[in-house]
Amino acid sequence: MPQRSKGPRLYERPPRRDQSGKITHAGVWVIRDGPITVSTGCGPDDKLGAERALTSYLAKKFSEVKGQPRGPGEAIYIAEVLSLYGSEAAPKKEGDRRILSARIDKLMEWWGDKAVSEVRRTTCRDYVAWRTKQRIRHAKTSTRTVSQPTARRELVVLSAAINYWHAEHPLPALPVVWLPEDSKPRQAFLDRGQAAKLLAAAIGFYRDKAGAIHRRGKSARANRSHIARFILIGLYTGTRHSAMTGLTWETSADSGWVDLERGVMHRRGAGESETKKRRPPVRLQQRLLAHLRRWDRIDRATPLNDGSMITHVIHHGGAAIASKVRTGWEGVREDAGLGPEIVPHVLRHTCGTWLAQRGVEVWEAAGYLGMTAAMFERVYGHHHPDFQSAASKALSGPWRR
2 MPQRSKGPRL YERPPRRDQS GKITHAGVWV IRDGPITVST GCGPDDKLGA ERALTSYLAK
62 KFSEVKGQPR GPGEAIYIAE VLSLYGSEAA PKKEGDRRIL SARIDKLMEW WGDKAVSEVR
122 RTTCRDYVAW RTKQRIRHAK TSTRTVSQPT ARRELVVLSA AINYWHAEHP LPALPVVWLP
182 EDSKPRQAFL DRGQAAKLLA AAIGFYRDKA GAIHRRGKSA RANRSHIARF ILIGLYTGTR
242 HSAMTGLTWE TSADSGWVDL ERGVMHRRGA GESETKKRRP PVRLQQRLLA HLRRWDRIDR
302 ATPLNDGSMI THVIHHGGAA IASKVRTGWE GVREDAGLGP EIVPHVLRHT CGTWLAQRGV
362 EVWEAAGYLG MTAAMFERVY GHHHPDFQSA ASKALSGPWR R
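Each number in the numbering used here corresponds to the 1-based position in the sequence shown with 1 added.
In structure tokens form, the structure reads like this:
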């Protein structure tokens with residue numbers, strides 16, 4: 002069976018070197034289209050420029066179909082739509098841009114050579130079936146495949162890209178992108194003992210098969226120090242993954258930062274606009290604030306090799322976390338003796354659960370986490386000590402005739 006064409010796409014060609022190791026050709030983004038390779042002229046650091054070059058390439062390629070002028074609607078290719086969306090609507094944060102770019106790349110593989118008019122329920126279902134058979138690249142075992150929620154998030158990007166195109170170049174008929182059923186709210190959360198085990202593993206402790214406690218070497222502990230910070234901030238603030246890894250020590254226009262003097266963590270930059278995933282400021286719990294002040298002293302006392310200061314609260318050897326905490330998390334989770342259902346997002350879910358269990362008012366807990374009161378009540382309400390208490394008392398009292 003012939004391999005499916007991936008359609009025109011970007012590829013980062015590494016630098017070329019001679020036999021002595023000297024670079025003869027700098028790295029560059031190129032456009033691959035079957036046997037054709039076209040240089041964008043953009044270096045590795047200019048992904049946005051490369052995406053714009055891909056948009057121009059696609060517009061030129063699809064301007065005519067089999068020698069005929071391009072008609073409206075059906076002659077507009079999804080590759081064009083995705084490329085325009087990726088180049089003009091990309092988020093400011095590097096990590097978020099990478100996530101969007103990865104989703105667009107996967108959509109390109111399946112949809113790139115299709116017209117917008119081919120988007121319908123059956124083709125969307127075919128995409129989900131194709132996607133969920135693919136193995137996860139970073140999975141430790143060959144049996145793990147892409148989940149349906151992942152395919153759903155990619156189709157959400159496709160829908161957004163089509164709507165973005167339609168706002169500028171109205172389509173004769175706006176297709177509806179079918180989405181598989183959304184995943185149910187995550188139910189896993191940590192109790193106090195499990196949270197303690199996870200944190201202990203992050204600072205190097207583990208148990209052998211006989212149950213004896215050991216501690217990993219200094220190098221291994223240093224390699225996990227960012228996980229310890231990630232866990233504590235996640236448990237005590239319930240902040241989303243990407244907002245945590247973007248936190249800086251100083252006021253920032255494009256990412257969140259911590260105000261150690263006032264004891265407040267700002268989840269979004271001073272120049273960032275609010276999105277559907279709210280990122281309001283949060284009052285820091287006293288223990289966490291003490292940890293943050295200690296980490297700040299440590300980072301200020303250990304400048305980088307070039308003399309510059311460490312900028313990010315959560316970092317790996319001074320370098321900011323590019324996208325997600327992944328490999329280090331899995332090792333810590335295994336040392337803590339916890340199952341694969343304990344993913345980084347569980348920290349946020351744990352914070353919400355603990356707030357409910359402590360009886361915090363719904364509106365205040367929701368504001369602390371950055372969600373609506375309705376969402377908090379739907380996901381965490383059953384953990385609250387007052388959950389359906391009035392109804393329960395009403396049925397427990399004496400009956401009136």
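For glycine and all other residues, C-beta sits at the position ideal for the given N, C-alpha and C.
Bear in mind the structure is a predicted one, so any value in this text is a computation, not a measurement.
How would you call Ile228, buried or exposed, if buried means at least 16 neighbouring beta carbons within 10 angstroms? Its Cβ being crowded by 16 or more others within 10 Å, Ile228 is buried.
Flag this pair as yes or no: are the beta carbons of Ala271 and Ala254 separated by less than 8 angstroms? When the beta-carbon positions are compared, Ala271 and Ala254 come within less than 8 angstroms of each other.
Do the stretch 334-344 and the stretch 311-326 touch if we need at least three Cβ pairs shorter than 8 angstroms? The stretch 334-344 vs the stretch 311-326: no contact.
Tell me which same chain residues have a C-beta within less than 8 angstroms of the C-beta of Gln358, skipping the five on either side of it? Shown here for Gln358: same chain residues with a beta carbon closer than 8 angstroms to its own, the five before and five after excluded, namely His384, His385 and Pro386 in chain order.
Sorted by chain position, which residues of the same chain lie with C-beta nearer than 7 angstroms to Gln69's C-beta, five sequence neighbours on each side aside? The pLDDT assigned to Gln69 is 46, lower than 50, so where the model puts this residue is not dependable; a value taken from the coordinates is nonetheless given after this. Contacts found: none.
Do His232 and Ala203 have their C-beta atoms within less than 8 angstroms of each other? According to the sequence shown, residue 232 is Ile rather than His. With respect to Ala203, Ile232 sits close: the two C-beta atoms are nearer than 8 angstroms.
Nearest to Ser367 by CA position, among Thr240, Val326 and Ala54, is which residue? Before going further, note that residue 367 is Ala rather than Ser in the sequence given. Looking at the Cα atoms, Thr240 is the closest of the given residues.
For Ile32, which of helix, strand or coil comes out of DSSP? In the structure shown, the three-state DSSP call for Ile32 is strand.
Cutoff 8 angstroms; reference His215; Cβ partners in own chain excluding five residues on either side: Taken in chain order, the residues that qualify are Phe206, Tyr207, Arg208 and Asp209.
Ignore the nearest five residues each way along the sequence and tell me which others in Met310's own chain have a CB closer than 6 angstroms to its CB. If we look at Met310 and ignore the five residues flanking it on each side, its Cβ neighbours are Pro304.
Measure the C-alpha to C-alpha separation of Trp131 and Ser274 and round it to an integer number of angstroms. Taking the straight line from one Cα to the other gives about 36 angstroms.
Do you know how far the Cα of Thr249 is from the Cα of Thr312? Rounded to whole angstroms, Thr312 to Thr249 spans 6 angstroms at the Cα level.
Sorted by chain position, which residues of the same chain lie with C-beta nearer than 7 angstroms to Asp106's C-beta, five sequence neighbours on each side aside? Here the set comprises Arg10.
Considering only DSSP beta bridges, list what Trp258 is partnered with. DSSP output for Trp258 lists Thr249 and His267 as bridge partner(s).
Cβ neighbours of Glu155 in the same chain (closer than 6 angstroms, five flanking residues each side left out): If we look at Glu155 and ignore the five residues flanking it on each side, its Cβ neighbours are Arg104, Lys107 and Leu108.
Pairwise C-alpha distance: Gln389 and Ser102: When rounded, the distance between both Cα atoms is 45 angstroms.
Roughly how many angstroms lie between the CA atoms of Leu191 and His242, to the nearest whole one? Cα to Cα, Leu191 sits roughly 17 angstroms from His242.
Which one or two residues does DSSP pair with Glu13 in a beta bridge? For Glu13, which the question treats as bridged, DSSP gives the partners Trp30.
Closest Cα partner of Lys325 within the set Arg99, Ala196 and Arg279: Checked all of Arg99, Ala196 and Arg279; the closest Cα to Lys325 is Arg99.
How should Ile299 be labelled, buried or exposed, when 16 other C-beta atoms within 10 angstroms of its C-beta is the threshold for buried? Ile299 should be labelled exposed.
If contacts are defined as beta-carbon pairs under 8 angstroms, then Tyr78 and Ala161 qualify, I think. What distance do you get, rounded to the angstrom? About 17 angstroms; that fails the 8 angstroms criterion.
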